[in-house]
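K.L.:
Encoded as structure tokens, here's the structure I'll be asking about.
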């Protein structure tokens, strides 16, 4: 990792349980004395694990990093249903539920691929400018939106256990942006002809950002900031005098590098360019006239 100038880069925080993603942003903002901090994918308070935060000029990468696929380990209780779809909510259904490992494995396998997932009513998705959880807290019914999500892989972890006439198991999955694991668990339970909730969730990977490289919030230091050039797995090109003015002003240049993307750099990162019609056009300006 390279210490960056002016606090521009990314930190990988291992988010603790009981804290919102916004809480983490506020703490990191105070830690690095900057208001320019943004996270790249919300984790519920119950969840822990990889929370990638962009700092300074790297906040221009938030949407790019948010779109990366994510890997989770989740624990399920079958036979209970709550209004929040997790263990923190109010119980609205409770039943005896004994499912075999074979039944669970078959249903998990059936989710590989894409499907139309209904978002939880306790979520930050907005309808008419208002967040769904605000409607839920006011006990107002709204039609919950659905979105196509992709389950790249999903597998049972360890043995299925049984407690108080409930079935408990854990699984690991790799999913697309926008996938709610609470909703996935609800849908898994439905295919098993029962109800279910999430009792634990840990994000272990987001793109190439791995939990093994994360830092506890209380241990964060300047050395934990990863530079923009080390985040972007693209060709890096040192600015030359003949194109410097064009790049600093975000003007197109010939794609003599035959690359899909190029990051132009000098001492700092200048601009990320993308290939189009044999030209490189500005995608993200980190420094310059634009």
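Numbering (the working numbering), first residue to last: 6 to 295. Don't be surprised by glycine CBs; every beta carbon is placed ideally from N, CA and C.
#1: When you compare only the Cα positions, how much space is there between residue 295 and residue 255?
#2: How is the beta strand (DSSP E) around residue 109 delimited, first residue to last?
#3: Evaluate residue 71 with the Cβ neighbour count: other Cβ atoms within 10 Å of its Cβ, from every protein chain shown; 16 or more gives buried, anything less gives exposed.
#4: Tell me which residues share the same chain as residue 43 and place their Cβ nearer than 8 Å to its Cβ, disregarding the 5 neighbours each side in the sequence.
#5: Are the beta-carbon atoms of residue 84 and residue 100 separated by less than 9 Å?
#6: Output the distance between the C-alpha atoms of residue 131 and residue 148, rounded to the nearest integer angstrom.
#7: Whole angstroms is fine: what's the gap from residue 98's alpha carbon to residue 129's?
#8: Pick from 50, 275 and 213: whose alpha carbon is nearest that of residue 127?
#9: Please report the residue range of the alpha helix (DSSP H) in which residue 141 lies.
#10: Using DSSP with H/G/I as helix, E/B as strand and the rest coil, what is residue 71?
#11: Note down the Cα distance separating residue 250 from residue 116, rounded to an integer number of angstroms.
#12: Just to confirm, is the Cβ distance from residue 161 to residue 197 under 9 Å?
P.N.:
Let me spell this out:
#1: Here residue 295 refers to the residue found at position 290 of the chain shown. Here residue 255 refers to the residue found at position 250 of the chain shown. Caution applies to residue 295, whose pLDDT of 45 falls short of 50 and renders its modelled position unreliable; the model cannot decide the point.
#2: Residue numbering aside, residue 109 sits at position 104 when the chain shown is read from its first letter. No beta strand (DSSP E) contains residue 109, which is instead part of the alpha helix (DSSP H) from 106-115.
#3: Indexing the chain shown from 1 puts residue 71 at position 66. So residue 71 counts as buried.
#4: As a working mapping, residue 43 is identified with position 38 in the chain shown. Excluding positions up to five away in sequence, the list reads 30, 58, 59, 64 and 67.
#5: Position 79 of the chain shown, counting from 1, holds the residue named residue 84. Position 95 of the chain shown, counting from 1, holds the residue named residue 100. Closer than 9 Å, so yes.
#6: Counted from its first residue, the chain shown places residue 131 at position 126. Counted from its first residue, the chain shown places residue 148 at position 143. One C-alpha to the other measures close to 11 Å.
#7: As a first step, residue 98 is located in the chain shown; it is residue number 93 there, counting from the start. As a first step, residue 129 is located in the chain shown; it is residue number 124 there, counting from the start. The alpha-carbon atoms of residue 98 and residue 129 are separated by roughly 24 Å.
#8: Position 122 of the chain shown, counting from 1, holds the residue named residue 127. Answer by Cα proximity: 50.
#9: Taking the first residue of the chain shown as position 1, residue 141 is located at position 136. Residue 141: member of the alpha helix (DSSP H) spanning 137-142, first to last residue.
#10: Looking up residue 71 in the chain shown gives position 66. Secondary structure of residue 71 (DSSP, three-state): helix.
#11: Within the chain shown, numbered from 1, the residue matching residue 250 stands at position 245. Within the chain shown, numbered from 1, the residue matching residue 116 stands at position 111. Each residue's Cα considered, the two are about 51 Å apart.
#12: Reading the chain shown from its first residue, position 156 is the one you call residue 161. Reading the chain shown from its first residue, position 192 is the one you call residue 197. Taking 9 Å as the Cβ cut-off, residue 161 and residue 197 do not qualify as a contacting pair.
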